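Engineer: Below you'll find the structure I mean.
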Amino acid sequence: MTTTTTSFGAANTAVLKEPKIQIRSFDGLRSSNSSLALTRNVNLFSVSSSRPSLIRAVSTPVKPETETKRSKVEIIKEQSNYIRYPLNEELLTDAPNINESATQLIKFHGSYQQYNRDERGAKSYSFMLRTKNPCGKVPNKLYLTMDDLADQFGIGTLRLTTRQTFQLHGVLKKNLKTVMSSIIHSMGTTLGACGDLNRNVLAPAAPFARKDYQFAQKTAENIAALLTPQSGFYYDMWVDGEKILTAEPPEVVEARNDNSHGTNFPDSPEPIYGTQFLPRKFKIAVTVPTDNSVDILTNDIGVVVVTDTNGEPQGFNIYVGGGMGRTHRLETTFPRLAEPLGYVPKEDILYAVKAIVVTQRENGRRDDRKYSRMKYLISSWGIEKFRSVVEQYYGKKFEPFRELPEWEFKSYLGWHEQGNSGLFCGLHIDNGRIGGKMKKTLREVIEKYNLDVQLTPNQNIILCGIRKAWKRPITATLAQAGLLQPKYVDPLNLTAMACPAMPLCPLAITEAERGIPDILKRVRAVFEKVGLTYNESVVIRITGCPNGCSRPYMAELGFVGDGPNSYQIWLGGTPSQTALARSFMNKVKIQELEKVLEPLFYYWKRKRQSKESFGDFTIRMGFEKLQEWVDKWEGVVSTPPKYNLRLFSDKDTYDKIDELAKLQNKTAHQLAMEIIRNYATAQQNGKGE
Ligand code: SRM
Ligand code: SF4
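Residue numbers (the working numbering): 593 to 1281.
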């Protein structure tokens, strides 16, 4: 990296000279000496009376007395000997669960302790495991392993997430090591999938051979590697310290080790994270202009490839400060869109990302986790101050943000050319839940044709590298398991998402994934009642609490659980995922949704401008008007359908359609109508097959 001259504060230079101290590893299970670095603060403390005093590296700069209050999790991290103690010890006990400190630490290893909230009496503990797959890339062997593990050690289903990873629910403590080591030995990892560090890095999941897409994916992989923990706690814990060789590009190693601008803890086992890691989770997405399949503005850092007129990547635009989570009735917490920070040449991206991460590491709040995300730092500082602090760690000024074309949401569902003679096929999976016949069939196809897959940020899956001759048999096999081409799926389902919520998420206030099939059916029924056609759609996202895991605050119609069987309704997101929705109504009971949805859709149908999306319409009309319509609504008299087509004169066809419909949570009649309708539309448009 070339650098320009900048001036640095005294605090930055202080970290350059760190005395190296040899201490004994204290976890009792490992006897080797480890070397720890002293950084800004030196804390001497005793973990317990039987343990030696430790000198630890911490990442929080010395602050005035009033600011030194730290949250419990900060203390747990500090005392953990780099995420080991007391997790190591807790995993060895016969109890089905682990204690509070270990529960916090196991997140850094990619796992959450959970219990089934549907069950009464003693808690039945299990663990959820989350993988880390930059760009959603999953090699064939890893897919097959995850599929097996779900049956052998999980609840028999795989869950694709909104960040291009797998979640495996229901793993018992005694099986954790077997499951973790199987993932590691199948080219997978769960390291850093959760915890106060960089999470899975998103990038468009389409396996296009195009230069810009390839470059975005490569960049996502490099950023993920740059910010992967280095101190070995993960491999010590799950594969007894076995060295797992991952060939890191030299530019990643160089960027990680570079300390020319006071970013690092020299000689520390965690040169970027120190002992305290980050104040909170941290999320990054990379994409190319126009492709907003990654919900770019919801990330702490959004990186966009900028190319020259020949399509050659030149550099990156960088956005900062996005985030979704909030707390009900606490207006000081809020979802926020990322805003432009500036442009960097392509060879500087890792240095720029590291500078942003370090700015958050040093300045993000560590006293109250509700306010620890980087969005709150940027909100309180303003972007100008934030930029100038980042520039000190970056060692350069950011160039002006380059102009970008409009964003579009891309789903990559259906069949597409990869651009290298192969095809890929994107499959819609309702809420990312792969189970039953669908799971068996997907596995068969992936195994038989030896396919790699990519997971999308919308809980869907892409089968990659398919030969043209395989298209027909694969389409037919998938269809028999309910994995239909997108034109046969209700458009409402195609863009809808719900988080897992009940019964395993401890933070859920109400249902999301289990409730959404019924809600979508009811929305479709309201559409029919007010005269909206089948091809029209709105982006619907549902969460069981305000944390925002399925990004409901970007939806045109967001449902956010705010009580048992009740939801806050958010309106005003756009189909391209570029605007933040706003809270419209609170505590709408699930059985009363129609009272709100009918008037809104009725007036959308009648008063919208040409091609105006529902989200844009709600913003143009204003919430006062919408509220008036809802308050005065007396119901719409539904007109009986003009035509009544009798379907299913033969039982065989009915049984087959019924079976397929059940897989999609529909009635046989609904599915048959969809198929006929799509067929007729395709014929009309001259696209009939
Ligand atoms: Fe999330 C916590 C599930 C994406 C914001 N999220 C949780 C936990 C782990 C509950 C917990 O802390 O015990 C949930 C586990 C449920 C379960 O039983 O499986 C959970 N989050 C999910 C997933 C599986 C939802 C999904 O439907 O796919 C997603 C996994 C992503 C991954 O693969 O890494 C998931 N979570 C998100 C997103 C969306 C995103 O990242 O693009 C967000 C909003 C964006 C953001 O972070 O600002 C999100 N999850 C949260 C928050 C609120 C964070 C905040 O800033 O306030 C929590 C709670 C917390 O961190 O304290 C949370
Ligand atoms: Fe759980 Fe809330 Fe996230 Fe849903 S949004 S998975 S209920 S934390």
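Even glycine gets a Cβ: it sits at the ideal position worked out from N, Cα and C. Source: prediction; values computed, not measured.
Would you kindly work out how many angstroms separate the C-alpha atoms of Glu682 and Thr754, rounded to a whole number?
Structural biologist: Approximately 31 Å between the Cα atoms of the pair.
Engineer: Opposite Val981 in the DSSP bridges: which residues?
Structural biologist: Val981 is not bridged to any residue.
Engineer: Do Leu1047 and Gly728 come within 8 Å of each other at the CB atom, strictly closer than that value?
Structural biologist: Closer than 8 Å, so yes.
Engineer: With a cut-off of 8 Å on the beta carbons, I'd call Ile864 and Lys946 a contact; round off their distance for me.
Structural biologist: About 7 Å; that satisfies the 8 Å criterion.
Engineer: Specify the secondary structure class of Ile1026 as computed by DSSP and reduced to three states.
Structural biologist: DSSP places Ile1026 in strand when its eight states are reduced to three.
Engineer: Note down the Cα distance separating Pro1083 from Asp1250, rounded to an integer number of angstroms.
Structural biologist: If I take the Cα positions, the gap works out to 20 Å.
Engineer: Using a threshold of 7 Å, is the CB atom of His761 nearer than that to any non-hydrogen atom of the ligand NAP?
Structural biologist: As far as ligands go, the structure on display features the ligand SRM and the ligand SF4 and does not contain the ligand NAP.
Engineer: With distances taken Cα to Cα, identify the nearest neighbour of Pro731 among Lys765, Arg712, Ser778, Asp740.
Structural biologist: Of the candidates Lys765, Arg712, Ser778, Asp740, the one whose C-alpha sits nearest the C-alpha of Pro731 is Ser778.
Engineer: Have a look at Tyr1159 and Lys715 and give me their C-alpha separation to the nearest angstrom.
Structural biologist: The straight-line gap from Cα to Cα measures roughly 27 Å.
Engineer: Cβ of Arg755 versus every heavy atom of the ligand SRM: is any distance shorter than 7 Å?
Structural biologist: Because some heavy atom of the ligand SRM lies under 7 Å away, the Cβ of Arg755 counts as near it: yes.
Engineer: Taking the alpha helix (DSSP H) that Lys699 falls in, what are its first and last residues?
Structural biologist: Taken as a continuous stretch (DSSP letters only), Lys699 belongs to no alpha helix (DSSP H), as it is neither H nor E.
Engineer: Can you tell me where the beta strand (DSSP E) holding Glu908 begins and where it ends?
Structural biologist: The residue you asked about is not Glu; residue 908 is Phe in the sequence shown. From DSSP, the beta strand (DSSP E) with Phe908 extends over 905 to 912.
Engineer: Excluding the five sequence neighbours on either side, which residues of its own chain have a C-beta within less than 7 Å of the C-beta of Ser641, listed in chain order?
Structural biologist: Low per-residue confidence applies at Ser641: pLDDT is 31, beneath 50, and the placement is therefore not dependable, though the value from the model is reported in the following sentence. Correct list: empty, nothing qualifies.
Engineer: If you drop the 5 nearest sequence neighbours on each side, which residues of the same chain put their C-beta closer than 6 Å to that of Gly601?
Structural biologist: Confidence at Gly601 is low in this model, with a pLDDT of 29, below 50, so its placement is unreliable and no value can be given for it.
Engineer: Are the Cβ atoms of Leu1020 and Met829 separated by less than 8 Å?
Structural biologist: Leu is not the amino acid found at residue 1020; the sequence shown has His there. Not closer than 8 Å, so no.
Engineer: For the beta strand (DSSP E) containing Met1177, list its first residue and its last residue.
Structural biologist: Residues 1174 to 1181.
Engineer: Whose C-beta lies closer than 7 Å to the C-beta of Phe807 among residues of the same chain, with five residues either side of it excluded?
Structural biologist: Val897, Pro905, listed in sequence order.
Engineer: In the DSSP output, what is Ile675 paired with across the bridge?
Structural biologist: Paired residue(s): none; Ile675 is not in a bridge.
Engineer: Use the C-beta contact count for Pro1098: other C-beta atoms within 10 angstroms, 16 or more gives buried, fewer gives exposed.
Structural biologist: So Pro1098 counts as exposed.
Engineer: What residue does the beta strand (DSSP E) around Ile1134 start on, and which one ends it?
Structural biologist: First-last of the beta strand (DSSP E) with Ile1134: 1132 to 1135.
Engineer: DSSP three-state label for Ser778, please.
Structural biologist: DSSP places Ser778 in coil when its eight states are reduced to three.
Engineer: To which residues of the same chain is Ser663 closer than 7 Å at the C-beta, ignoring the five residues directly before and after it?
Structural biologist: Same-chain partners within the cutoff: Arg958, Asp959, Asp960, Arg961.
Engineer: If Gly903 and Lys803 are in contact, beta carbons under 8 Å, what's the gap, nearest whole angstrom?
Structural biologist: Rounded, the Cβ-Cβ distance is 6 Å, consistent with contact.
Engineer: Using CA atoms only, rank isn't needed, just tell me which of Ala1173, Leu818, Val1228, Gly1227 is closest to Pro1206.
Structural biologist: Reading off the sequence, residue 1206 comes out as Phe, not Pro. It is Ala1173.
Engineer: Ignore the nearest five residues each way along the sequence and tell me which others in Asp739's own chain have a CB closer than 6 Å to its CB.
Structural biologist: Taken in chain order, the residues that qualify are Arg1035.
Engineer: Does the ligand SF4 have even one heavy atom less than 7 Å from the beta-carbon of Pro1092?
Structural biologist: Yes - the ligand SF4 has a heavy atom lying nearer than 7 Å to the Cβ of Pro1092.
Engineer: Per the DSSP calculation, Glu1000 is bridged to which residue(s)?
Structural biologist: According to DSSP, Glu1000 bridges with Asp883.
Engineer: Would you mind working out which of Thr1067, Thr1087, Tyr986 sits nearest Lys1002, comparing C-alpha positions?
Structural biologist: Checked all of Thr1067, Thr1087, Tyr986; the closest Cα to Lys1002 is Thr1087.
Engineer: Roughly how many angstroms separate the alpha carbons of Ala1071 and Asn1023, rounded to a whole number?
Structural biologist: Using only the alpha carbons, I get a separation of about 18 Å.
Engineer: Out of Gly1018, Pro937, Met966, point me to the one whose CA is closest to Ser885's CA.
Structural biologist: Out of Gly1018, Pro937, Met966, Gly1018 has the C-alpha closest to the C-alpha of Ser885.
Engineer: Can you tell which of Met1094, Lys835, Ser1129 has its C-alpha closest to the C-alpha of Val1081?
Structural biologist: Checked all of Met1094, Lys835, Ser1129; the closest Cα to Val1081 is Ser1129.
Engineer: Give the range of the alpha helix (DSSP H) segment to which Gln1219 is assigned.
Structural biologist: Taken as a continuous stretch (DSSP letters only), the alpha helix (DSSP H) holding Gln1219 covers 1215 to 1224.
Engineer: Would you tell me roughly how many angstroms separate the C-alpha atoms of Leu1263 and Ala1253, rounded to the nearest one?
Structural biologist: Approximately 6 Å, taken between the alpha carbons.
Engineer: Grab me the residues of His1008's own chain with a C-beta within less than 6 Å of its C-beta, minus the 5 sequence neighbours each way, in chain order.
Structural biologist: Contacts found: Phe1016.
Engineer: By a C-beta neighbour count over all protein chains shown, 10 Å radius and 16 as the cutoff for buried, is Glu1266 buried or exposed?
Structural biologist: When all chains shown are included, Glu1266 counts as buried.
Engineer: Could you tell me which of Gly1136, Glu1000, Thr951 sits nearest to Tyr986, measuring between CA atoms?
Structural biologist: The residue with the shortest Cα to Cα distance from Tyr986 is Thr951.
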